[in-house]
Amino acid sequence: MTKPKKLIEVAMPIKEISAESVRDKSIRHGHISTLHLWWARRPLPVCRAVVFASLVPDPADDNCPQAFKDAVEILLGKKTNPGDPYNTYADIPWTSVFDPMEDSLRNRLQMFIGKFTQPMQDHLLGKTVKPAAKIMLTDDSLIKWDNKNNEKIINKARKLIWVAHNCHPEQASTEHSRSVEGQSEQTAEALLKDFDIHYKAIKKAEDELYSLTNRHIETEKSKQLTENLHNAIEAFLNKMPKVFDPFAGGGAIPLEAARLGCRSYGNDINPVAHIIQKGSLEFPQKYGKPISYTIEEFIKLYGEDEFNKVANENKTYKNGNIVGVNIPNRLSFDVKFYAKKLLAETEKEIGHLYPDDEKGNKPIAYYWARVGICSNPICKAEVPLLKQFYLANTTSKQVYFKPIINDTNIDFEIHKGKTELNGWLQKALNCPCCGSTTPIKDLKDQAKNNLLKERLIAVIEESNEGKSYRLPSEQEQKFAIVEENLLNRLLIPNEEMKEIPDLVSGRGWNIRSWSQMFSNRQLLLLQTLLIKLNELKNEFNPDKSEYYKAIITYLSILIDRGSAISTSFGRWDVSRENIQSPFSKQAIPMIFDYPEANLLGNTTGSLNNQLNWIIRYIESECQNSFSVDLKNASSGDKSQFSDKYITAVITDPPYYDAIAYADLSDFFYVWLKRTLGDVYPINFATPQTPKTDECTALKHHHNNNKTNAKSHFENKLLEIFDAIEHQTSDIVSIMFAHQSTDAWTTLCNSILGARMNITGSWAIDTEMSNRTIGLAGAALQSSVTVSCVPSQSEGYGDYKEVKKAIEATVAREVDELYRLGFRGADLLTACFGQAVSEFGKYKKVEKADGSEVTVAELLAMARESAFNALLKGFDGDEFTKFYIGWLQLNGFAESDFDDAATFAKAGLSINVAELFKEHILIQYKNKQTLATFAERNKLKPNLGTKSDSFLIDQVHKAMALYKGTNRNALLDYINDKASAPDGSFWRVVTSLDELLPKECDDQKMTKGLLTNKESLIRESKETQKPTVQQGTLEL
């Protein structure tokens, strides 16, 4: 029987997902991104939403099992949820007309994934200011950050997935199905009861194991209880979907699949990513559990000093005497204990190199500048390469260096307040002593000859008023210099860096090995940490214990974090007064002044502070019973899973040369190889990260041949998708952060070439809300998620027939999604997926002349079909139709001349010349853009004044009058052109308001007109009433 479509193929609450995904970027404590840096990690809300929607069917599908429909009613219906939190919107809040959302099971599923709170709905309707990010979504929303450990909400999702996975399509038409041959009872009630039995078995096994005193000691009872828990978890997972991410990277997707109770698999070719995944997806869930010790055992493991630190509430008593200790989270306790031990031993050895000040305070950081030599042979001043002089430049605080020049000597004072001084290093070095300029090329030559020295110029401390700044003491200057003979060449990373633009090594500054990214004092500290870590390894032998292997892994992650924060390529952010890693722009640029973090301190930038982030993460993710099965292999390895073993693949593949993952992560790999090479010898068997088999298009991995690099990426992506099709039985959901025609072409070719077909596509905005939103930004959101299913394409399609099918499919999609509130680029992206689904039914689509239709032509066909569908039934002249349709599809972005010609022919009888003449479009060379209301009024002063003016002209004229100061003129115009509240004029204003970029000048005007619509119409009529004057008596 035909499988029902998954929810992700037909509907997604993309506005709600986007809002929470934007919020996700600013969440810190306990977030996966805070364990260890990785690039382009997907936001957790979009991952949770996509996983869930990929695993449950669409209740409106004719083939959806009745048991699943009943389960939705039971779990999300009004009767079982006081207050009816999953009721649909009374008025879809982001549309400008009254638009009630149908109360259906499909829409209740969407409201479960994410639903806006009433304050957020009011804001979107233009009634109130935007609420705080944490109250944008309701407390009952699955994707809300605050619900990640909410068992009530998460278990609703798990139950729905359980029912969906264990009921059968054969039950679709039976209202109260009981059984099918060879199958167990299939009612929703029976399946939900089965879930409860299995889930309670896990909880019971956990309680029994974790309440066993000294469970870490292997006894017959501890072994039996451990096995019981393992069996209970396996029994549960055997009845849940298998979800795989072949490009697991930072781990967000498999983390959310495991959270939702799936058997989750994650793979990445990069060993650094693999270690991050073990620390985020495996260890907290396996080992971050309670443990009870007898006093004797606790003291044996940790010592009496540690016992004396245990809080009274964590001690157990018998007859008034302390008999034991309860630790809420064994893993976080042990990581913290051994990390403190590691730091204490390191400080004993080299703590004197970071002396306290005269008050006993430890500095936060030491501020260094590289020093260039003035090229004037008479001067030769040694000039700190400073681009600016601020140490702090916030809204409430300014602190800066004031240079003191004495002949060729340069000293500094530190002052509070503002400075107008420009930095000495701009496009060249401007010498403050003689006024000469030294070209950057000369500075690079100095670097090649090892003449660029470094100078300690300030010390940063913590004070009662925040950060304070002072000049370094003589003692600090003395200890800042560490001789190279103290460094062990085997322990510091002397591996060569690739000379590429993404790394500083490719920029001509004589940085050739990873060790050159650190000063000698930084290297000595990291070297000492390695030595002390090896001593700890000898103490508890991680080779014989998976648990202690986990502890060593976290200590290595701690050292890794230290290397990122204490490098001579870090950056002091003067606007935030904190240390930034070198990776803020997915590259490692040249840095001329840097903060050397005091890793042995106790505040910002210290290893103690870094440890807190690790502990918070472990304790944030320990409540989940399900860990991820992790693999460190080349993506596309068919042997990882048998044919159709995986239920769903959900992944975020790389894109051409956007990020040099392997090259950048070598920064961490060279340290992890030294801390974990003996613990994970297979994973760290190569000198640096694997590059040849990485799915990227980096030309330096292919003998600097761009064509070969591009071919490698496309072939590798096709190979991986081919393996995915072989391994997957149900659905593949792919997140893609690019929406160019090239990106879509590559994605579609890879999917179709791997015997799969796209069935849905959704635009989701995951960018920070404080980014600048320009007019051109209206046309595209930041990323797209497509769903696809294994599909055998058959025969050859005729272009005309396929075009007709695409037009019909897109028209249906536009109609359906428009009612759900989809507009603009969101609507267009959804149409792309449906268009490809028609195209992908055939091995090849051919035109009458036998030439093959390309994916680029397909996308143009989809846009044209969407344009026609959007304009169908629109009551207005052709120029207004064009304006509205073009705004839908392109916003105010620049486009090619041919695009306008194509769309002008799409069901309209106007030509491009007329569009330019009427200033609908404005031409710039061979490009054009849609004109704003201000541009049209400026170019055509009499716009909208004629009796036969286009509707768009009338609306733009009214917008200009609304912005102006002559209210009477506006009221006269409203009375003349827009006195009917339901007339075409106001429908155009409403359409514009929905489609224009938020907060742009045009949208402010349409919002203002709509908000004041009733009063404007009323006042316009009143001003036209004749006034009755008292007659005068003439004598």
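Residue numbers (our numbering): 424 to 1458.
Cβ coordinates follow ideal geometry from the N, Cα and C atoms, glycine included.
Enclosing alpha helix (DSSP H) for residue i [first to last residue]
| i | result |
| --- | --- |
| MET1428 | 1424–1434 |
| ASP728 | 727–732 |
| ILE497 | 489–499 |
| GLY1308 | 1301–1313 |
| LEU1353 | Segment 1350–1353 is the beta strand (DSSP E) holding LEU1353; no alpha helix (DSSP H) there. |
| LEU1344 | That residue, LEU1344, is in no alpha helix (DSSP H); its beta strand (DSSP E) goes 1344–1347. |
Beta carbon of residue i nearer than 7 Å to that of residue j
| i | j | result |
| --- | --- | --- |
| ALA788 | PRO1018 | yes |
| ILE923 | GLY929 | yes |
| ALA1120 | PHE1136 | yes |
| GLY1367 | LYS1380 | yes |
| ILE576 | LEU565 | yes |
| ASP1075 | MET1158 | yes |
| ALA870 | THR860 | no |
Three-way DSSP call (helix, strand, coil) for residue i in this model
| i | result |
| --- | --- |
| ARG682 | helix |
| PRO468 | helix |
| CYS1118 | coil |
| ALA587 | helix |
| ARG930 | coil |
| MET1158 | strand |
| PHE1064 | coil |
| GLY1200 | With a pLDDT of 31 at GLY1200, under the threshold of 50, the modelled position of that residue is not reliable, and no figure is offered here. |
| TRP1167 | helix |
| HIS599 | Caution applies to HIS599, whose pLDDT of 42 falls short of 50 and renders its modelled position unreliable; the model cannot decide the point. |
| SER715 | strand |
| PRO542 | helix |
| PHE824 | strand |
| ASN917 | coil |
| ASN1193 | For ASN1193, the predicted model reports a pLDDT of 36, less than 50, meaning its position is unreliable and no value from the coordinates is stated. |
| GLY1218 | coil |
| GLU1445 | helix |
| SER1372 | coil |
| ILE566 | coil |
| LEU879 | strand |
| TYR509 | coil |
| ALA442 | helix |
| THR1151 | strand |
| LEU894 | coil |
| THR1112 | coil |
Counted within 10 angstroms of its Cβ, other Cβ atoms place residue i as buried (16 or more) or exposed
| i | result |
| --- | --- |
| ASN427 | Per the sequence presented here, residue 427 reads as Pro, with Asn not at that position. The residue in question, PRO427, is buried, as its Cβ has 16 or more Cβ neighbours within 10 Å. |
| SER1210 | buried |
| THR457 | buried |
| ALA675 | buried |
| VAL552 | exposed |
| ASP668 | buried |
| LYS712 | buried |
| ARG1441 | exposed |
| ALA1253 | buried |
| ILE934 | buried |
| VAL520 | exposed |
| PRO1460 | This structure leaves residue 1460 out entirely; the chain is present only between 424 and 1458. |
| GLY1263 | buried |
| ASN654 | exposed |
Where the beta strand (DSSP E) containing residue i begins and where it ends
| i | result |
| --- | --- |
| PRO807 | 805–807 |
| ASP834 | 832–839 |
| LYS867 | Careful: LYS867 lies outside any beta strand (DSSP E), inside the alpha helix (DSSP H) at 863–871. |
Proximity test, Cβ basis, 7 Å: residue i and chain B
| i | result |
| --- | --- |
| ASP996 | Included in the structure is just one protein chain, with no chain B present. |
Residue i: CB within 6 Å of a non-hydrogen atom of the ligand GDP
| i | result |
| --- | --- |
| PRO1420 | This structure simply doesn't include the ligand GDP, nor any ligand for that matter. |
Any chance you could list the alpha helix (DSSP H) runs of at least 4 consecutive residues sitting entirely within the region 958–1022, in chain order?
Counting only runs of 4 or more, we get 969–988.
What runs of the alpha helix (DSSP H), each 4 residues or longer, lie entirely inside the region 749–775?
List check, alpha helix (DSSP H) in window: 753–773.
List in chain order: all unbroken beta strand (DSSP E) runs of 3+ residues lying wholly within the region 1233–1280.
Listed in chain order, they are 1267–1269.
Whole beta strand (DSSP E) elements within the region 636–698, 3-residue minimum
List check, beta strand (DSSP E) in window: 665–668, 686–690.
Within the region 1039–1084, ranges of the beta strand (DSSP E) (whole runs, at least 3 residues)
The beta strand (DSSP E) runs lying completely inside the region 1039–1084 and spanning 3 residues or more are 1052–1054, 1069–1074, given in chain order.
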